[in-house]
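Visitor:
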Amino acid sequence: RAKSLGRNTFEFFTPELNARAKASMLLEQGIRHGLDQQEFYLDYQPQFDISGQRVVGLEALLRWRRNHVAVQPDIFIPLMEQTGQINRVGEWVLETAVRQRRVWQQTGLLTDDCPVAVNLSPRQFTNAQLVPAIARILRENGLAPAMLELEVTEGILMENTSVHRKVLDQLHELGVRLSIDDFGTGYSSLAYLIDFDIDALKIDKSFIDHIDTSEKDVAITASIIQLAHNLRLKVVAEGVESQAQLDILRRLGCDYVQGYLCAKPMAPEAVAQRFAAPQKP
Ligand code: C2E
Ligand code: MG
Ligand code: MG
Ligand code: MG
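Residue numbers (UniProt numbering): 430 to 710.
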């Protein structure tokens, strides 16, 4: 232990770490610049019922194209979270996704029970502006609250401070939907599933990846689906890439799927193109 501590202390002064600190500083500046230059946009990934035919929702995913090169969300979102930039960006995401959902409603592209889902970072949650902003955005765009779904991670629900609880209560009162993202990767306590009014669990892709070869992953996924259904929650499987995975999920009684097999994240124009024909109920 002392040894590793010593090593870490030493590491603090290595050129490598210096370079890393500098890189993240440059990235932060890049984000600021990118926001001013409107380099950010949203793609939407459809979610399907288990037949793989009917769209049941669309997840808005933030994209950054910087000098024609795509920067991965897993790189820039944690940094936005650290710097607090996620608050400004997150409000823009909410505004843009809600407006887009309203457009799809007006053009009759999607049925009314098909919400747009927006990811929320922990830092947005403790921002006092969040609930008023969501209420305003829904009101100004004339969108029914049930057409907006918020995706939060287990961490947010586990915090369970009075602030978190109040925000969750207010969101529930507002009438937006709530789902738990990356389910299974966070905490082992499931108490929060009882405490909060949740609509859906999204089983993390890491459980789905090997579901066609690993009996253990089948067992875990089956248990999550059963748990969810016992609590009257819907289940979404994330990152479904093959027909074999879809077949197993159907056999396990999973409700919805999201993944490259059915559709990759795409621009709004591509959504309109793909689902132009009126969908059968
Ligand atoms: P997430 O919310 O769990 O989103 C699902 C991620 O899985 C997306 O990655 C999506 O492109 C990817 N994905 C979906 N289907 C498949 C598949 O079949 N195979 C593979 N390999 N990947 C698949 P993406 O867009 O890179 O986003 C990564 C994460 O960044 C998201 O994970 C979410 O946590 C975060 N994120 C994205 N947009 C936002 C945002 O607007 N706000 C916040 N706070 N976080 C965001
Ligand atoms: Mg998500
Ligand atoms: Mg996820
Ligand atoms: Mg994720």
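Cβ atoms here follow ideal geometry from the backbone N, Cα and C, with glycine treated the same way.
Check whether the segment 681-697 touches the segment 494-506, counting contact only when three or more Cβ pairs, one atom from each stretch, lie closer than 8 Å.
Guide: no
Visitor: Flag this pair as yes or no: are the beta carbons of A526 and A489 separated by less than 8 Å?
Guide: Taking C-beta atoms as the reference points, A526 and A489 count as a pair closer than 8 Å.
Visitor: Please work out which residues of its chain come closer than 6 Å, Cβ to Cβ, to Q599, disregarding the five sequence neighbours upstream and downstream, and give them in chain order.
Guide: V560
Visitor: Would you say the segment 512-525 touches the segment 545-557, given that touching needs at least three Cβ pairs under 8 Å?
Guide: yes
Visitor: Between the C-alpha atoms of L446 and L456, what's the straight-line distance to the nearest angstrom?
Guide: L446 and L456 have their C-alpha atoms some 15 Å from each other.
Visitor: Please report the residue range of the alpha helix (DSSP H) in which D646 lies.
Guide: Looking at the DSSP string, the run of the alpha helix (DSSP H) that includes D646 is 644-659.
Visitor: Find out if the Cβ-Cβ distance for the pair E667, K634 is shorter than 8 Å.
Guide: yes
Visitor: Exposed or buried, K480, counting other C-beta atoms within 10 Å across all chains shown (16 or more means buried)?
Guide: The question names Lys, but residue 480 is Ser in the sequence shown. By the neighbour-count rule (16 or more Cβ atoms within 10 Å), S480 is not buried but exposed.
Visitor: If we cut at 8 Å on Cβ distances, does G481 have a partner in chain D?
Guide: Looking for chain D here will not work: only one protein chain is present.
Visitor: Below 8 Å, how does it come out for the segment 457-475 and the segment 670-683: are there three or more Cβ pairs, yes or no?
Guide: no
Visitor: Beta-carbon within less than 8 Å of K432's beta-carbon, same chain only, minus the 5 sequence neighbours each way: which residues are those?
Guide: With a pLDDT of only 41 at K432, under the threshold of 50, the placement of this residue in the model should not be trusted, and no figure is reported.
Visitor: Going by DSSP, name the residue or residues bridged to K663.
Guide: Beta-bridge pairing links K663 to A629.
Visitor: Taking C-beta to C-beta, are L491 and F469 nearer than 8 Å?
Guide: At the C-beta level, L491 and F469 come within 8 Å of one another.
Visitor: Go ahead and label residue 373 buried or exposed: buried means 16 or more other beta carbons lie within 10 angstroms of its beta carbon, across all protein chains shown.
Guide: Here the chain covers residues 430 to 710 and nothing more, so residue 373 does not appear.
Visitor: Hey, A629 and L678: beta-carbon distance below 8 Å or not?
Guide: No, Cβ-Cβ distance for A629 and L678 is not below 8 Å.
Visitor: Could you please give the first and the last residue of the uninterrupted alpha helix (DSSP H) stretch that includes P444?
Guide: 444-465
Visitor: Just confirm the distance between the C-beta atoms of S591 and L508, as a whole number of angstroms; I'd bet it's less than 8 Å.
Guide: Actually they are not in contact, since the Cβ atoms of S591 and L508 sit about 29 Å apart, beyond 8 Å.
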